[in-house]
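Here is the structure we will look at.
Number of protein chains: 2
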Amino acid sequence: MSSERISDAELAIMEILWEQAPLTATDVAARLPDERDWSLPTVKTLLSRLLAKEAIEHRAEGRRFFYAPRIGRDDYVTHESKRLVDRLFGGRFMPLFAHLAEQDKLSDADITEIERLLQEMKS
Amino acid sequence: MSSERISDAELAIMEILWEQAPLTATDVAARLPDERDWSLPTVKTLLSRLLAKEAIEHRAEGRRFFYAPRIGRDDYVTHESKRLVDRLFGGRFMPLFAHLAEQDKLSDADITEIERLLQEMKS
DNA sequence: TCGTATCGATTACGTCTGTAGTCGGAGAAT
DNA sequence: ATTCTCCGACTACAGACGTAATCGATACGA
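Top to bottom, those sequences are chains A and B. Residue numbering for the first sequence follows our numbering, beginning at 1 and increasing consecutively. Residue numbering for the second sequence follows our numbering, beginning at 1001 and increasing consecutively.
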């Protein structure tokens, strides 16, 4: 619901917390993927901003904080997918599908899987 | 190819130029959708930034410039779709499809259309 | 020819983002 | 009790973004 945008850097933090939570700031820093080699202060700044955006929450445990997501990954993913579809495809999903299909981004396995999903949905 | 990001505001300008080009800055301003009620200087700033990003180009015609896209809408759309899929779905399209399917974002008409597309692709 | 409207360029400025340093307080070690 | 260390909070700062004013040159109307 809280519709502040989550930036790319912030998303990297969210991914860590979605995988495991609650975690301390130090824990989060330790779990950063290799290509995101941030200093601890940077991680803390990002955590503060996510707190301000109400995307995460923290609970004091003695002297330190444990952070956990407030918004679910699924909600976020839905929100962002919708944003893309709204921005580029007039809010309709089909043009995105058609576009990707045209771009040959679908493997044979994908196609089989999609057919299976469609069958399920029809029942 | 030129991979500078196009911002939301800039995208509104691109959409106008994709629909019709070349246009002067004043033309572009006149075609803004109602909810984007920008001043002419704002439009010109955005055009300059798009020029700097090499997303558009301009040609002098006497005292004024005519602006036209350098990147195609399809290329942009492909790029942004890929970006979303990379960011949120590990670079694979299927999870996006499955996600949207779960969210019931597909109408019956969509499903029929998708089946048709799949048939086409298989041949 | 002289003002005036116009155009592109330059400058402005607050917010957001990416990245990080510093400070003050609370625990831990001695 | 005193020092050292670690934590969260605050501050910093450059670049991008949204939005716009101003300036200098130019062309058109009078």
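Ideal placement from N, C-alpha and C gives every residue a C-beta, glycine not left out.
Residues of chain B whose Cβ lies closer than 7 Å to the Cβ of L32/A do not exist; the shortest such Cβ separation is about 16 Å. A distance of 8 Å or more separates the beta carbons of I16/A and L50/A. In terms of Cβ geometry, L1117/B and A60/A do not form a close pair [threshold 8 Å]. Inter-residue distance for P69/A and A9/A is about 15 Å (C-alpha atoms, whole angstroms). As computed with DSSP, H1058/B is found in a beta bridge with Y1067/B.
Counting along the chain, the unbroken alpha helix (DSSP H) around I1013/B starts and ends at 1008-1019. Spanning the alpha carbons of E19/A and D1086/B requires a straight line of approximately 17 Å. About 21 Å separates the beta carbons of H1079/B and Y1067/B, which is beyond the 8 Å limit, so they are not a contact pair. Closer than 8 Å to the CB of H99/A there is at least one CB belonging to chain B.
Under the Cβ distance rule, E4/A does not count among the residues neighbouring chain B, no pair being separated by less than 8 Å. R1073/B: member of the alpha helix (DSSP H) spanning 1073-1089, first to last residue.
Restricting attention to T112/A, G72/A, F89/A, the CA atom closest to the CA of K1122/B is found in T112/A. Note that the C-beta distance between L96/A and S1081/B is below 8 Å. Checking the DSSP bridge columns, you'll see L23/A partnered with Y67/A.
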